[in-house]
Amino acid sequence: MTLTPEIIAILMLDGLFLFFSSIAFVLSLKLYWSWDSEATTLLQYRLEKESYLVGLIIKYIFMLKVPLFLFFIYTCDTLSGIITGAMCAAGVVNSVDFGLFLLLFKLLNLYLFGFWLLLHVRDVESELQPYVRQKSLFFGIAFFFFVAEIVLEILFFTSLNISKIVSCCGTLFSASTQSSLSFLFLMENWMIVSLFYASFILMLVGFMVKNGAVYLFSNLLFLFFAIVSLILFFSTYVYELPTHHCPFCLLQSDYYGVGYFLYAALFLGTFYGICGVVIATLTKGFILRAMRFSLFFNSLYVVMVSAYVVVYFLKNGVWL
Amino acid sequence: MKFNLYLLEFALFSLIRKGAKTLFVFLILTFLIFLLASVLFISDAIKHELNVSVAHLPELTLQRLQAGKQVNVPLKRVEPLLEIEGVASVIPRVWGYYYFKVAGVNFSVVGIDAFEQSYKESLQKVVDAYDVKALEKESGMIVGAGVKKILEENYYQDFFNFVTADGKWKRMHIMGSFNADISLQANDMILLPKKSAYEIFGMPENEATDVVVKVSNPEEIPTIVSKINQLYPDMRVVTKEDIRVSYQNIFDYKSGFFLSLFVVSAFTFFMIIYDKLSGLSSEEKREIGILKALGWSMDDILKERFYESFILCFGAFLLALALSMAYVFFWEAPLLRSLFVGYSTLKPSFELPFYFNMPMIVLLFLLSVPVYIGSVMIPSWRAAMLDADEVLR
Amino acid sequence: MIVLKNVCKCYETEAQRIDALRDISLHVKAGECVILKGASGSGKSTILSLIAGLSKPTTGDVVVDGKRISKLMEPFSAHFRRENIGVIFQRYHLIATLSVRDNIALPLIPENLSAQVMEKRVEEVMELCAISHKSSALCRHLSGGEQQRVAIARALVNEPKIIIADEPTANLDAVLSEQFIETMYDLKKSGVTLLIATHDSQFFNLLFVDQQIELKNGVMLS
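Chains as they are written, first to last, in our numbering: chain W, 1 to 320; chain D, 1 to 393; chain Z, 1 to 222.
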């Protein structure tokens, strides 16, 4: 176990989050069981006030979670300086068996909390607050994911072992049979890249015919293929090295931290594309607005990754 | 949604109107963040300095181990080491610590040779400035600024009597002193001719304390290390990277230890704030009631409270940052720096280089502002929830 | 304009249950002036706070301007209050450490108007209530009459359709009370609905009063 200032900051905030989200969890359960917007009882008036607190707490957590996610990656990056063998955050994350799960939970929770907030916004826009029970139930479930993330994170930092030698991203993201991600490399590059662009085109079609279901589906595909194609294909053009496939090194200053922009665009695009569309369908809201936001950021992502390939080709006259 | 400037203005004046309460929270907050920022700045600056000095070190240091203890290296091993491919130079070092009982401090005694390159550039500069041959002839030595000071305090103006391993006196003349640019390590250093060093330490002259190896291509280090291990299995190879990591660990540990204490005290403080804010004065209750009756929603009041906390907290954050920068980099952090540099009494005398980076600010921000905002969240909510109909009674 | 239907309001504490209002029904048309009279504790203020949406009835309905206030949640009830209702409190309830201008501007802050509109509205009501000359004075330095005028200006600044006054003359001498009644008369002429809770007999035989409602222990007598 190492206690660098960064880790202490993260653990401390985790403690705070756990405390506040537990309050929100208890209140959410109360809201779910007892909310009755027609009632004029004291209990109901009290619940109306408490639903405010739930919103406040979740906004607070979400507002910190987003920068904290980036900070987490940054911390892993600095830890790679101490941990033998790690060259970037990838090695650090993978130095513990469940590192990848931690990362997945972190991402998933960003989507979940964002979803809750979108629902919340729609809810308080209406005089009747029609979605209080739904959003309470949703948080009641999301809370467990959140706790899982925090527990994993605490375990992660306490079980980091400096003297253990870990693999660097070069071996983690390679075709060698030992690496856990090697199955991805069985696919041909051109196939993945065309699937990536195909899902984007499907998204465009969904947008043009204004079909929420198609749009949502294409976004799920897009998210998956975007990540896979980034690892397999596009990252090599960023590094200008045919063998370097790491999705974490993109975040380092050597590449102008372009990863932060790529991931932000991808997250915002798919977040609005998935959560935004679901919410708009559930609450009969402005589905077009969510789709427009989503399409903007997704296109931004596509333009950015494609530009790396095109610029490389223009400069060198060959493909990698 | 447009940002409501009037609300911000109201929040600012509301803080001012509360006077003493605001000031109390502001000062304590500033002090806490100041303490935190100073510690992090110091540890970061030292880490930075160590990284710079480590960068000048030779790639490999070889120590000979016997029964798990470090022992001297026979000089005849130098030649075979030089023959390993990729090795640029091999320098045997004679050095050690000399305990000066009267002052209760350790000096680092380093033997130098006229015909040999020093293992560190900064050291070489000092050696070049003096005539080593003359030192040999007149049994002279060159001392670091810290050593000179200690010796003068004990009335050794121009010479010093070493007690050798045989128990004899060995008088060495102080021929000069130096202020090395990398002052952290050189401050307690005494440079004297190798011959005298052997005599003082009572070492046979065909041995060295350890051996440093320079490698022309850093990519080849792993290969060379494995070759050395084959050649001399009793030698431990310490790479530059190992040294860097261990330094970093020490300082992370030290600042981590401090931070853990800090977190505890900070939480105590925030409990106090929580308590203070929860107990609303009747005047405040009345004001909230009036505002609600005049058409402010709970949201508006919450926002107003949030602005208040944020102004207070952010103001304290910025002020604390400025203060701690002045304290650490201008006044050289009296008191606090002794937390970090404590090997011997000589070591603390060094200058903190100005070192400042963005992630550090983010870290400081994350350690202070969210905690404060969190601690005012529930009291603010309670305040905004107050029933307004009491003002109508 | 204002309709109360079988409204009951009780406050529950751990020890007991206090019925502040029992089965109140009333109907106020737009532009009317209504006096609520009764001893203190009779439930006048509770009716006012129900109409302003500051509290909610235990049973029954409160409808103001076609809106069911009794079921309106935050922040809509606050928004409704801001748009439609001006409040004059007993003892004015000005914020003593703010200037006259800032006190008057308070109801407008959540609206986030542009600086010009804000300035214009505040200037207008200060003019109307003859308090412009004191605009930057702190409220704690004002005389009783001036404080009253600030309180009225503050109630008018959001251009409300309904003005609610709670014991407005309780702390005023005869001359100031007279002035206040005149102001109310002017307001009624301009079409504002007035609700005044008072036990000051000066109000009881005014010509412009349309309804007088007497309360005792939370029950309507007339």
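Note that CB positions come from ideal geometry on N, CA and C, so glycine has one too.
Unbroken alpha helix (DSSP H) runs of no fewer than 4 residues, entirely contained in the region 90-147 of chain D, are found at 121-129, 132-137, following chain order. Distance between V73/D and V328/D, taken at the CA atoms: about 42 Å. M377/D has a beta carbon lying at 8 Å or more from every beta carbon in chain Z. Judged by their CB atoms, P370/D and L16/W are nearer to each other than the 8 Å cut-off. Judged by DSSP in its simplified three-state form, P74/D adopts strand. Residue state for A88/D is assigned as strand, using DSSP reduced to three classes. Residues of chain W whose Cβ lies closer than 8 Å to the Cβ of L40/D are, in chain order, P5. Excluding residues up to 5 positions away in sequence, M1 lie with their Cβ nearer than 6 Å to the Cβ of K29/Z in the same chain. Where C33/Z is concerned, there is no enclosing alpha helix (DSSP H), although the beta strand (DSSP E) around it starts and stops at 33-37. Among the CB atoms of chain Z, one or more fall inside 8 Å of the CB of Q129/W. Counting along the chain, the unbroken beta strand (DSSP E) around P193/D starts and ends at 189-193. For H141/Z, there are no C-beta contacts with chain D under 8 Å, since the nearest C-beta of that chain is about 15 Å from it. Boundaries of the alpha helix (DSSP H) around H79/Z: 76-84. DSSP places D166/Z within a strand segment (E or B) once states are collapsed to three. For L26/Z, the enclosing beta strand (DSSP E) covers residues 17-28. Within the same chain, Cβ atoms closer than 7 Å to the Cβ of Y99/D are found at N106, the five residues on either side in sequence being excluded. Closer than 8 Å to the CB of L56/W there is not a single CB belonging to chain Z. Annotation for F145/W: F105, L108, N109, L112 place their beta carbon closer than 8 Å to its own, counting only its chain and skipping 5 residues before and after. Taking 8 Å as the cut-off between beta carbons, the residues of the region 251-285 of chain D near chain W are D252, Y253, S255, G256, F257, L259, S260, V263, in sequence order.
For K120/Z, no Cβ of chain W is located within less than 8 Å of the residue's own Cβ. In this structure, L35/D is the residue among E9/D, Y6/D, L35/D with its C-alpha nearest to the C-alpha of L323/D. Residue environment: W296/D is assigned as buried (16 or more neighbouring CB atoms within 10 Å of its CB, all protein chains considered). Runs of alpha helix (DSSP H) with 4 or more residues, each lying fully within the region 196-281 of chain D, are found at 221-231, 240-278, listed in chain order.
Contact annotation: V212/D and L60/D have beta-carbon atoms nearer than 8 Å. Residue pairing by DSSP places I196/Z opposite I35/Z, A165/Z in a beta bridge. Looking at the DSSP output, R286/D bridges to nothing.
The alpha carbon of T22/D has as its nearest neighbour, out of W331/D, A55/D, F310/D, the alpha carbon of F310/D. For R133/W, there is no enclosing beta strand (DSSP E); the residue is found in the alpha helix (DSSP H) stretching over 132-158.
Looking from the CA of L192/D, the closest CA among F160/D, E220/D, S216/D, S278/D belongs to F160/D. Of all residues in the region 355-373 of chain D, those with a C-beta nearer than 8 Å to a C-beta of chain W are P359, V362, L363, L366, L367, P370, V371, I373, reading in chain order.
Between the region 266-280 of chain D and the region 48-67 of chain Z, the count of C-beta pairs closer than 8 Å stays below three; the two stretches do not touch.
Only residues of its own chain outside the window of five on either side were considered, and among them G53, I69 have a CB closer than 7 Å to the CB of S77/Z, listed in chain order. Remark: fewer than three beta-carbon pairs, one from each stretch, lie closer than 8 Å, so the region 132-145 of chain D and the region 202-221 of chain D are not flagged as touching. Against chain W, the CB of M385/D has a partner CB under 8 Å away; the residue lies at that interface. When the alpha-carbon of M141/D is set against those of A37/D, M172/D, A129/D, T164/D, the nearest one is in M172/D. Under the Cβ criterion of 8 Å, G257/W is not counted among the residues facing chain D.
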